[in-house]
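Peer 1: Just so you know, the sequences run in chain order A, B and C. The first sequence runs 132 to 434 under the numbering used here. The second sequence runs 68 to 431 under the numbering used here. The third sequence runs -18 to 432 under the numbering used here. Next up is a structure, given as structure tokens.
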Amino acid sequence: MLQLVDALLSSTLDAAPALVFAALGAVLSERAGVVNVGVEGMMRAGAFVAAVAALVMPTPLGVVLGMLAGAALAALHAWLCIRFRADQVVSGMAINLVMLALGTFLLEARFSPNGTPSIEQLTRWGSGVPVLGGHTALTWLALAAPFALHAVIQRTRFGLRLRAAGEKPQAVAAMGVSVSRLRFVAVTCGGLLAGLGGASLSVATLDRFEHNMPAGLGFMAVAAMVFGRWTPLGAAAAAAFFAFGNALRIGLTSSAPQVLEVIPQGVLLALPYLLTLLLLAGQKRGAGKAPAALGTPYDPELR
Amino acid sequence: MRRALPSILSVAVAVGVSFIAAALTLGSVSQTASAFGAMVEGALGDWPRFFETGNATAVLRPIGEAATKAGLLTLTGLSVAVAFRVGLFNIGAQGQMVVGALAAAFIGARLSLPAALHLPLALLAAAAIGSGWALIATALKLWRGVHEVISTIMLNWVAVSLVENWLVVGPLRATASGTNSVSGTAQILPTAELPRVMAESSRLNLGFFLAVALALAVSLWMQRTRAGYESRAVGLAPRAAEAAGISVSRRLFEAMAVSGALAGLAGGVLILGTELKYPATLASPYGFDGIAIALIGQSHPLGALASALFFGALRAGGTHMQLYGVHKSFPELIQGLALLLVAAKLFWERLLKQRIATRTRSPV
Amino acid sequence: MNVLYGLYHPDGGELAFDGQAQKVRSPQDAIARGVGMVHQHFTLVPNLTVAENVVLGAEPTRGGLFDLEAAVRVVDETCKKLGFSLDARARVDRLSVGSQQKVEIVKALRRGAKTLILDEPTAVLTPQETDDLFRITRELSEQGSTVVLITHKLKDVLAFATRIAVMRRGRKVAEVRPADTTGAQLAELMVGGAMHDPAAPPSPLGATEPFLTLEGVSAEGLHDLSLEVRAGEILGVAGVDGNGQRELAEVVTGLRPLSRGRLKLGATHWSQLTPAQARACGVAHIPEDRLHRAMVADMTVEENVALGRQHQAPFARGLFIDFAGRRARTAQLLEAHDVRPRDPVARMGSLSGGNQQKLVVARELDTAPRLLVVVQPTRGLDIAAVNAVRQKLLERARAGCAVLLVSLDLEEVLALADRVVVMFEGRLNGTFTRGACDERELGRRMLGAAA
């Protein structure tokens, strides 16, 4: 029994970083007032670039390049939304569609249709220690990052301005701070995190880029953000919870297949999404409010 | 026409950019050119061969394939466009299509009825269940304040998981006949098949014409009827519409029901016209494509039809690019890039304003 | 003023501070030159505290982190210097309008403002709060600051200013001293000719039946409200912003559900009313939030004219839109109400604010209403448009229409209404008839004083 719990928690910790980083990235972007449903695409970019780069260079460097790829897409998103007032949901979905097709095309043209060749995974440390041992640095980072982001948003000058820009950008502009620059920085840093989430899939959880990565995890990260009421700690907790649910399902499939006779695999797969829906539906109206200015481009001549 | 200009330019730029991207990746301009040539040939037919040999199949088959895909894209594009018109972002067309497809496969295989009843019933079931799936998101939005983008994303994954990882591999799986192992649901009965219109030269079926007719009907509804006017007002300024005595929630429900029905119908047409059963995995993201189709079509029903025709043709041609090392999803890259460009609203507004300014200044 | 503050850029000319020509490209430049601005609509972040709002943009830090204690000290010191108090740790959205304005002033001073621009500062204040504000500004000018007051309230400038510049259509047309002029002269300068004050002629009070009656109505923001509006009468609703006036207008137009009580329109009683039912009973609505409540900016002018009557002739025929009928009626209204441009297919959002409002008024009056619910009808309009709108309201009332007028501008209420009711915290707190209104007493009631 204890062994089972240990295995379960361990595999949760292995899978969680991708969701946690991506959810934090979404929080950063949306607290500044820019909707980000393009997390899926940014993760895909991060996963692909990290895996391909790791073929020719040390894996940690590949991770950095993966993050930069996510950030580049996020910068494109920010540029479209801020400079050209694109609909933020449209721009995000467009990024998803482009990355879905571009990833497939590059994979086909350069490697095999199913995935890249294997690369050297990030080093795992402390393999003797129960539960907490045997993970890559990304797992540790994912445990610390939510608190770090929380501190940034609540306790720093940048965080204060960020919150203000998401609630009432006019107030920020009137005090001589550029809303556009603030939002651009926030969205791009969000992309950095989403890219890191993607990279952790292809170089830590697995050892290569697979053709369907991240297979909906980006959307789940957005759900975790909503679920966590747009706060870093809440979003990270929700992300960890979803990762645990996934680990539980996979664990059941291998160790207790008789359970699947009673509860089909498909139902278990749908469960995290159903749960999110139910919890959202159960929330009181207006509870867990999104930032007031979320989704509206800042127009200096309107107030 | 002026409203279409951003879309047309965006698509043109997207084609150019993707050509350059492909040339860089493949490392050869001529190979890329051949791949694009194959795409055009696959989309519009091999006319030289037709004129040389008189073989009609050389043009009918590609065109039929293009129209088949365009029909499906039209339905999902319309689905997204209708919801967009009342201000709702239906990202859930994919899920609605999946449940619609399953309903059509079920009715098509399990009931035995005369063709005059069977086909309409199967299509109706697909539309109805797609509509019902969309209404979950609408109800959550109106009664619980859950944003439809989030709920439809969730519902997509719920639909795919339940249908493809449970129903199709479990309760609804076809029973194996003889030694052949089968995947997916049972084959639908001939009475439920959408009739083909070009005999054996192509898979083109009535589904395409149904889609075109629906595009015209939706256009009539949105542009010329009272109800359509009210729906547009709800989409553009919900609070003003409410003050004008328009029942906002009724219009939202109505539009979302139609939106879900159109996506469900796309699933139905896909099963009853092309797949003839629900396969192990549907693997056709027409629902997601609908977002791009609708927006490149400027959320206008006829615009969606036009962009569906264009991208349907590219899709059909895409399969012919494989020979040159280009994945068949390449047209989807063009489509995604075009959407990205169309999204830059302000850019187009400025560009067009400038054009008008120069036009009025020049002495004619 | 937005040019001075760097939000808009001048097309020509120059700005000088302390006799030196300087360029102001952004609010940051303006702040650096010692210009602070308090907008009519506050630019405060509702979910941040007073202290956080005050220091936003130039935050004190300690060891790289934001220093909240230092921010609190800044607020307390400034408040003390000017002789008022604010709770620096309170969330801004929990404060009264008057206090929020003080936060804005503290914010500007914190940034070293030598010139303080106040844009329509008294529009939303009670007379008592206005006195308080002018006491603070006087204190400021005595301490050596410059205060620029932008207002359309003549009484305010006469009472407050040392010098008055009169602007018309973007030009300065005169500069006077308060002692050398009168309100009438100023008004003339503003409109560029003799002004016709739309003085209300005596109305046939009491002679008519009530058209609207509220009997013990409660709703979100309203408590046990009973009142009536008679045909041919203008009932003014006065109150400090946020005391239930808007809720009252929404209840009567069917936009807000009743939780208790009922209302009577004509001969029919309603305990639940939808906007469509209200319209069918002859209620027309000129809402405060024109951009979002009264028009669809992205539709054409003629489509906006149909709004509210889209299901009836001449705008519809059966299930379909009557394009010809709609065009004809639109052309007629544009002409009759002098809306420019006279283009039925122009985009509504491309019209000027004044013309949009004229069209909304034209449309609502065209429904031949029996009750007209009007909220802040002249806010943000130039003085000519203000007079045109007020004139139309008076005409309608004298023709037998009941009018419910909600305005935060006490002057407007007093100028137009036959009777005035005061609202405080969602309840009625006094009724006054025309001629028996004492402005001070009204102000007291608006702040909640009992009779």
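Ideal Cβ positions, reconstructed from N, Cα and C, are used throughout, including at glycine.
I need the boundaries of the beta strand (DSSP E) containing A/Ala163, first residue and last residue.
Peer 2: Segment: none, A/Ala163 is in no beta strand (DSSP E) and carries neither H nor E.
Peer 1: How far does the beta strand (DSSP E) with B/Phe397 in it extend, from its first residue to its last?
Peer 2: Note, B/Phe397: premise wrong, no beta strand (DSSP E); alpha helix (DSSP H) at Phe397 to Ala410.
Peer 1: At a CB distance below 7 Å, what residues from the region 393 to 423 of chain B approach chain C? Give them in sequence order.
Peer 2: Listed by position, the residues of the region 393 to 423 of chain B near chain C (Cβ gap below 7 Å) amount to none.
Peer 1: Kindly indicate if chain C contains any beta-carbon less than 8 Å away from that of A/Ala421.
Peer 2: Cβ-Cβ to chain C under 8 Å: no for A/Ala421.
Peer 1: In chain B, what lies closer than 8 Å to A/Gly347 by C-beta?
Peer 2: Within chain B, the residues near A/Gly347 are Trp224.
Peer 1: Could you list the residues in the region 304 to 319 of chain B with a C-beta less than 8 Å from some C-beta on chain C, going in chain order?
Peer 2: Correct list: Ala304, Arg306, Ala307, Ala308, Glu309, Ala310, Ala311, Gly312, Ile313 and Ser314.
Peer 1: Go ahead and label B/Pro115 buried or exposed: buried means 16 or more other beta carbons lie within 10 angstroms of its beta carbon, across all protein chains shown.
Peer 2: With fewer than 16 Cβ atoms within 10 Å of its Cβ, B/Pro115 is classed as exposed.
Peer 1: Report yes or no: is there a C-beta of chain E within less than 8 Å of the C-beta of B/Ala322?
Peer 2: Among the protein chains of the structure shown, namely A, B and C, there is no chain E.
Peer 1: Since C/Leu236 contacts B/Glu309 with CB under 8 Å, what's their CB separation in whole angstroms?
Peer 2: Between B/Glu309 and C/Leu236 the Cβ distance is about 7 Å, and since that is below 8 Å, they are a contact.
Peer 1: Taking only three categories from DSSP, how would you classify C/Phe192?
Peer 2: In the structure shown, C/Phe192 sits in a strand (DSSP, three-state: E or B).
Peer 1: Using only CA atoms, which one of B/Lys420, B/Val409 and B/Glu416 lies nearest to A/Met224?
Peer 2: When only C-alpha atoms are compared, the closest one is B/Val409.
Peer 1: According to a CB-to-CB cut-off of less than 7 Å, which residues of the region 202 to 219 of chain A neighbour chain B?
Peer 2: The residues in question are Leu211, Phe215, Arg216, Ala217 and Asp218.
Peer 1: Is B/Ser218 close to chain A, meaning its C-beta is less than 8 Å from at least one C-beta of that chain?
Peer 2: Yes, because at least one Cβ of chain A sits closer than 8 Å to the Cβ of B/Ser218.
Peer 1: Taking only beta-carbon atoms, is C/Pro179 less than 8 Å away from chain B?
Peer 2: Per-residue confidence for C/Pro179 stands at a pLDDT of 49, beneath the threshold of 50, marking its modelled position as unreliable; the derived number appears in the next sentence. Chain B, which has no Cβ nearer than 8 Å to the Cβ of C/Pro179, makes this no.
Peer 1: Am I right that C/Glu85 and C/Phe23 are in contact with their C-beta atoms under 8 Å? What's the rounded C-beta distance?
Peer 2: Right, their Cβ atoms sit about 6 Å apart.
Peer 1: A/Leu192 CB to nearest chain B CB: under 8 Å?
Peer 2: With 8 Å as the cut-off, A/Leu192 does not count as an interface residue toward chain B.
Peer 1: Please look up how many angstroms separate the CB atoms of B/Gly335 and B/Ala134, rounded, as I've assumed it's under 8 Å.
Peer 2: Wrong, their Cβ atoms sit about 17 Å apart, outside the cutoff.
Peer 1: Per DSSP, A/Leu383 forms a beta bridge with which residues?
Peer 2: None, per the DSSP bridge assignment.
Peer 1: From C/Gly93, C/Arg344, C/Ala165 and C/Val87, pick the residue whose C-alpha is nearest to that of C/Ile12; which is it?
Peer 2: Selected option, being the one with the closest Cα: C/Gly93.
Peer 1: When we look at the beta-carbon of B/Phe103 and count the other beta-carbons within 10 Å, is it buried (16 or more) or exposed?
Peer 2: Under this definition B/Phe103 is a buried residue.
Peer 1: Just to make sure I have the definition right: I need the residues of chain C whose C-beta is within less than 9 Å of the C-beta of A/Val303. Which are they?
Peer 2: Near A/Val303 (Cβ distances below 9 Å), the residues of chain C are Thr24, Val26, Leu37 and Gly38.
Peer 1: Decide if the region 231 to 249 of chain C is in contact with the region 191 to 205 of chain C; the criterion is three or more beta carbon pairs, one per stretch, under 8 Å apart.
Peer 2: Yes, the region 231 to 249 of chain C touches the region 191 to 205 of chain C.
Peer 1: Please report how far the alpha carbon of B/Phe151 lies from the alpha carbon of B/Trp288, in whole angstroms.
Peer 2: Whole-angstrom Cα-Cα distance: 15 Å.
Peer 1: What residue range is occupied by the uninterrupted alpha helix (DSSP H) comprising B/Val216?
Peer 2: Note, B/Val216: alpha helix (DSSP H), Glu215 to Leu229.
Peer 1: Secondary structure at B/Arg116, three-state DSSP: helix, strand or coil?
Peer 2: Helix at B/Arg116.
Peer 1: Between which two residues does the beta strand (DSSP E) containing C/His273 stretch?
Peer 2: Counting along the chain, C/His273 falls outside any beta strand (DSSP E), and DSSP gives it neither H nor E.
Peer 1: To the nearest angstrom, report how far apart A/Leu425 and C/Ala52 are at their CA atoms.
Peer 2: Computed Cα separation, rounded: 27 Å.
Peer 1: Do you know offhand how far C/Pro191's Cα is from C/Ala380's?
Peer 2: Roughly 15 Å between the two C-alpha positions.
Peer 1: Leaving aside the five residues before and after B/Phe355 along the sequence, list all residues of the same chain whose C-beta is less than 7 Å from its C-beta, in chain order.
Peer 2: Within the same chain, B/Phe355 has close Cβ partners Gln161.
Peer 1: Could you spell out where the beta strand (DSSP E) holding C/Ser331 opens and where it closes?
Peer 2: From DSSP, C/Ser331 is part of no beta strand (DSSP E); its letter is neither H nor E.
Peer 1: Residues of chain A with CB closer than 8 Å to the CB of C/Glu228, please, in chain order.
Peer 2: Near C/Glu228 there are no residues of chain A at all, since even the closest Cβ is about 18 Å away, more than 8 Å.
Peer 1: Can you round the beta-carbon distance between C/Thr311 and C/Glu283 to whole angstroms, since I take them to be within the 8 Å contact cut?
Peer 2: The Cβ separation is near 4 Å, so the contact holds.
Peer 1: Would you report the Cα separation of A/Gly169 and A/Ala202, rounded to the nearest angstrom?
Peer 2: Taking the straight line from one Cα to the other gives about 12 Å.
Peer 1: Within 10 angstroms of the Cβ of C/His250, are there 16 or more other Cβ atoms? Answer buried if so, exposed if not.
Peer 2: Exposed, by the Cβ-count rule.
Peer 1: Count the other CB atoms, across all protein chains shown, that sit within 10 Å of the CB of B/Thr120; report buried if there are 16 or more and exposed otherwise.
Peer 2: Exposed, since its Cβ has fewer than 16 Cβ neighbours within 10 Å.
Peer 1: Per DSSP, which residues does C/Lys245 bridge with? Please list them.
Peer 2: BP columns for C/Lys245 point to C/Thr194 and C/His250.
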